[in-house]
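Chemist: Everything in the sequence shown is counted per full-length UniProt numbering, starting at 1 for the first residue and increasing by one. Before I ask anything, here is the structure I am working with.
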Amino acid sequence: MAMAAIAAGADSLMIEVHPNPAKALSDGPQSLTIEAFEQLMLELAPLEPVKKQLLQFAA
Numbered sequence: 001m002a003m004a005a006i007a008a009g010a011d012s013l014m015i016e017v018h019p020n021p022a023k024a025l026s027d028g029p030q031s032l033t034i035e036a037f038e039q040l041m042l043e044l045a046p047l048e049p050v051k052k053q054l055l056q057f058a059a
């Protein structure tokens, strides 16, 4: 879903991260572990040049 948001033109993402989502006081089930967040950032990084190209095209 994060990739789709970036591809659709989102300028930012709100991502909840917790070292142990099972013990989080709130929103644990939707929180990513630190490791999962790191992996997501690695997967999203290649989209940065595409996003920059889209911004230049729109200007």
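Note that beta-carbon positions come from the ideal geometry of N, C-alpha and C, so glycine has one too.
Tell me which residue opens and which closes the alpha helix (DSSP H) that Ala-4 is part of.
Modeler: Taking the sequence shown and counting its residues from 1, one reaches residue 4 at position 4. Segment 2–7, the alpha helix (DSSP H) holding Ala-4.
Chemist: So, with DSSP's three-state summary, where would you put Leu-32?
Modeler: Your numbering for residue 32 matches position 32 in the sequence shown. Three-state DSSP puts Leu-32 in a strand.
Chemist: Using CA atoms only, rank isn't needed, just tell me which of Glu-48, Thr-33, Pro-46 is closest to Pro-21.
Modeler: The residue given as residue 21 occupies position 21 in the sequence shown. Considering only alpha carbons, the answer is Thr-33.
Chemist: Between Gly-9, Met-1, Ala-4, Ile-15, which has its C-alpha nearest Lys-51's C-alpha?
Modeler: What you label residue 51 is simply residue 51 of the sequence shown in a count that begins at 1. Here the closest residue by C-alpha is Gly-9.
Chemist: Assuming Ala-2 and Leu-13 make a contact with CB atoms under 8 Å, what is their CB distance in whole Å?
Modeler: Position 2 of the sequence shown, counting from 1, holds the residue named residue 2. Position 13 of the sequence shown, counting from 1, holds the residue named residue 13. With a Cβ gap of about 6 Å, Ala-2 and Leu-13 count as contacting.
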